[in-house]
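K.L.:
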Amino acid sequence: SAVISQKPSRDICQRGTSLTIQCQVDSQVTMMFWYRQQPGQSLTLIATANQGSEATYESGFVIDKFPISRPNLTFSTLTVSNMSPEDSSIYLCSVGGAGGFAYNEQFFGPGTRLTVL
Amino acid sequence: GENVEQHPSTLSVQEGDSAVIKCTYSDSASNYFPWYKQELGKGPQLIIDIRSNVGEKKDQRIAVTLNKTAKHFSLHITETQPEDSAVYFCAAGDTNTGNQFYFGTGTSLTVIP
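Quick mapping for you: the protein sequence lines, in order, are chains A and B. Each residue of the first sequence is one higher than the one before, starting from 3 at the first, in the working numbering. Each residue of the second sequence is one higher than the one before, starting from 6 at the first, in the working numbering.
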């Protein structure tokens, strides 16, 4: 597996502002993913962040709202832009691919709990 | 796209009893089925997975079965312990088209001491 950390662990933000969430892995990984988990709900994939190329967004998520960076094989950021209370969720990054993992295994970070007032 | 359904949404068992959680999927191309355990305030933890070329896999008290024909797979926990209490998620993915997982809606398991 991998050791994955996220910053911040939680935050309370005002509507209209933006928050950047960081995801750091202790080994190089091919693929990193960002998920949203609304209170008491399941996990929904926002986008796949691949190093050296643009992130791939899932239906219902757009780059202007959730810009993603992937500057290297151990780090990624997700920004939640122009926030509204509906963005209140847990945001999770996960990693998978090369680096000692069996193909398709994904491991999750601890999550960032975001509350928008 | 893939649709994963999970049942039950809540499950309470006495310590020492078995717990079974069931999932169905819709896309016959899905060939990888992981199970995650999520404790309060933490990220999901991979506990077991199964690939479509295998019908059953076991790891100590945890086992997963897969019926490709019926498109369903199940998680079995035997000799449950209070520390098994958590939310469990199933997921399905097609390894041939990437690493995208589709998650079930989760099962909140409570093991009563």
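Glycine included, every Cβ here is placed at the ideal spot set by N, Cα and C. Predicted model only: the values in this text are computed from it and were never measured.
Our contact map puts B:Q105 next to B:G98 with C-beta atoms below 8 Å; I'd like the distance itself, whole angstroms only.
P.N.:
Right, the Cβ-Cβ distance comes to about 6 Å (below 8 Å), so this counts as a contact.
K.L.:
Quick one, which of A:T76, A:M34, A:T19, A:F77 has its alpha-carbon nearest A:Y59's?
P.N.:
Closest by alpha carbon: A:M34.
K.L.:
DSSP has B:D89 in a bridge; who is on the other side?
P.N.:
Its beta-bridge partners do not exist; DSSP assigns none.
K.L.:
Check the DSSP bridge columns for A:Q120 and list the partner residues they point to.
P.N.:
Because chain A is modelled from 3 through 119, residue 120 of chain A falls outside the range shown and cannot be assessed.
K.L.:
Expressed to the nearest angstrom, what Euclidean distance is found between the alpha-carbon atoms of B:S17 and B:S35?
P.N.:
When rounded, the distance between both Cα atoms is 30 Å.
K.L.:
Using three-state DSSP, classify A:D89 as helix, strand or coil.
P.N.:
Three-state DSSP puts A:D89 in a helix.
K.L.:
For B:A75, which residues from the same chain have a beta carbon less than 6 Å from its beta carbon, with the 5 sequence-adjacent residues on both sides left out?
P.N.:
Nothing meets the Cβ criterion.
K.L.:
Could you check how far apart the C-beta atoms of A:Q30 and A:L75 are, in whole angstroms? I think they sit under 8 Å.
P.N.:
Going by Cβ atoms, the distance from A:Q30 to A:L75 rounds to 4 Å, so yes, they are a contact pair.
K.L.:
Per DSSP, B:V25 forms a beta bridge with which residues?
P.N.:
Paired residue(s): B:H81.
K.L.:
So that I know if they touch, is there some Cβ in chain A lying closer than 7 Å to that of B:F38?
P.N.:
So no, B:F38 is outside the interface.
K.L.:
For a quick check, are the C-beta atoms of B:I117 and B:Q19 less than 7 Å apart?
P.N.:
Yes.
K.L.:
Kindly indicate which three-state DSSP category A:T32 falls into: helix, strand or coil?
P.N.:
Coil, per DSSP.
K.L.:
Does the beta-carbon of B:I26 have 16 or more other beta-carbons within 10 angstroms, so that it is buried, or is it exposed?
P.N.:
Per the 10 Å Cβ criterion, buried.
K.L.:
Using DSSP bridges, identify the partner residues of B:L16.
P.N.:
According to DSSP, which records beta bridges pairwise, B:L16 is partnered with B:L114.
K.L.:
Could you work out which residue in A:K9, A:T22, A:S7 is closest to A:M85 when comparing CA atoms only?
P.N.:
Nearest option by C-alpha distance: A:T22.
K.L.:
Can A:Q16 and A:L119 be called in contact, C-beta distance under 7 Å?
P.N.:
Taking 7 Å as the Cβ cut-off, A:Q16 and A:L119 qualify as a contacting pair.
K.L.:
In terms of residue numbering, what span does the beta strand (DSSP E) encompassing B:P49 cover?
P.N.:
Looking at the DSSP string, B:P49 is not in any beta strand (DSSP E), and its letter there is neither H nor E.
K.L.:
A:P112 versus chain B: which residues are under 7 Å apart at the beta carbon?
P.N.:
By Cβ distance, chain B contributes K47, G48.
K.L.:
From this set, A:I6, A:S7, A:N106, A:I14, which residue's C-alpha is nearest A:D89's C-alpha?
P.N.:
If we check each option's Cα against that of A:D89, A:I14 comes out closest.
K.L.:
In the DSSP assignment, what residue or residues form a beta bridge with A:T46?
P.N.:
A:R38.
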